[in-house]
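Enquirer: Using the numbering used here, read the sequence shown as starting at 6 and increasing by one per residue.
All residues carry an ideal CB built from backbone N, CA and C; glycine is no exception.
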Amino acid sequence: MALLRAREAVMRHFRAALREHDLTEQQWRVLRALSSVGEIEIADLARSTFLLGPSLSRILRDLEARALIRRRTDASDQRRSLIAIAPGGMALMEIVAPQSEAIYADITARFGADRLAQLQDMLRDLEREMADLAPGAAADEGGSR
């Protein structure tokens, strides 16, 4: 619950800025991921954004309708769809990214750069430790938190 409360406290600041541009958190996550790659397969995009396939499909449909992304079928394998950010998506990124960076800067100023770096390190450690634990194993071992 503490992780969820902290996430919510942080995301509350981003949602207002995203709402100004008619974006959801998930849509922004997809645009940010696409801005750092040329093209990506849908399954890889789902993994990198931690979105489930059905949710990602809806998000991609909405972003494509707004001309923020483009989708094409792989010429060598017609079953594969490749996704890339469109010029409209890059233009929107250039508008929203400075607002996002300002929010990150405010969070860093409030929490402290050293503490934030420690927190990020600890969260990476937690993620790594949990990756090795089979789902449900902690409950089976009597672990509760």
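Using C-beta distances below 8 Å, list every residue in its chain close to D49, excluding the 5 sequence neighbours before and after it, in chain order.
Expert: none
Enquirer: Using 10 angstroms around the beta-carbon of Q83, count the other beta-carbons present and answer buried if the total reaches 16, otherwise exposed.
Expert: Q83 is exposed by the Cβ-count criterion.
Enquirer: Does the contact criterion of 3 or more C-beta pairs under 8 Å hold for the segment 17-28 versus the segment 96-112?
Expert: yes
Enquirer: Starting from the C-beta of S40, find all residues in its chain whose C-beta is less than 6 Å away, skip the five residues before and the five after it, and write them out in chain order.
Expert: I90 and M98
Enquirer: At the level of alpha carbons, what is the spacing between G93 and L73?
Expert: 5 Å
Enquirer: Give the secondary structure of S53 by DSSP, where H, G and I count as helix, E and B as strand, and everything else as coil.
Expert: helix
Enquirer: Work out the CA separation of T113 and A80 for me, nearest whole Å.
Expert: 45 Å
Enquirer: Does the Cβ of T78 have 16 or more other Cβ atoms within 10 Å, making it buried, or fewer, making it exposed?
Expert: Sixteen is the threshold: since fewer than 16 other Cβ atoms of the shown chains lie within 10 Å of the Cβ of T78, the residue is exposed.
Enquirer: E160 bridges to which residues according to DSSP?
Expert: In the structure displayed, the chain extends from 6 to 150; residue 160 sits before or after that span and is not available.
Enquirer: If we count the other Cβ atoms within 10 Å of its Cβ and call it buried at 16 or more, is A118 buried or exposed?
Expert: Burial call: exposed.
Enquirer: Which residue wins for smallest C-alpha separation from R66, given the options A38, G43, L128 and Q32?
Expert: In terms of CA proximity to R66, Q32 leads the group A38, G43, L128 and Q32.
Enquirer: Residues in its own chain within less than 8 Å of I45 by CB, not counting five upstream and five downstream?
Expert: A38, L39, S53, L87, I88 and A89
Enquirer: Rounded to a whole number of angstroms, what is the C-alpha to C-alpha distance between L121 and M127?
Expert: 10 Å
Enquirer: Using 10 angstroms around the beta-carbon of F64, count the other beta-carbons present and answer buried if the total reaches 16, otherwise exposed.
Expert: Inspection of the sequence shows that residue 64 is occupied by Ile rather than by Phe. Answer is buried; the Cβ neighbour count reaches 16.
Enquirer: Taking the alpha carbon of D111 as the reference point, which residue from E13, A7 and F19 has its own alpha carbon closest?
Expert: F19
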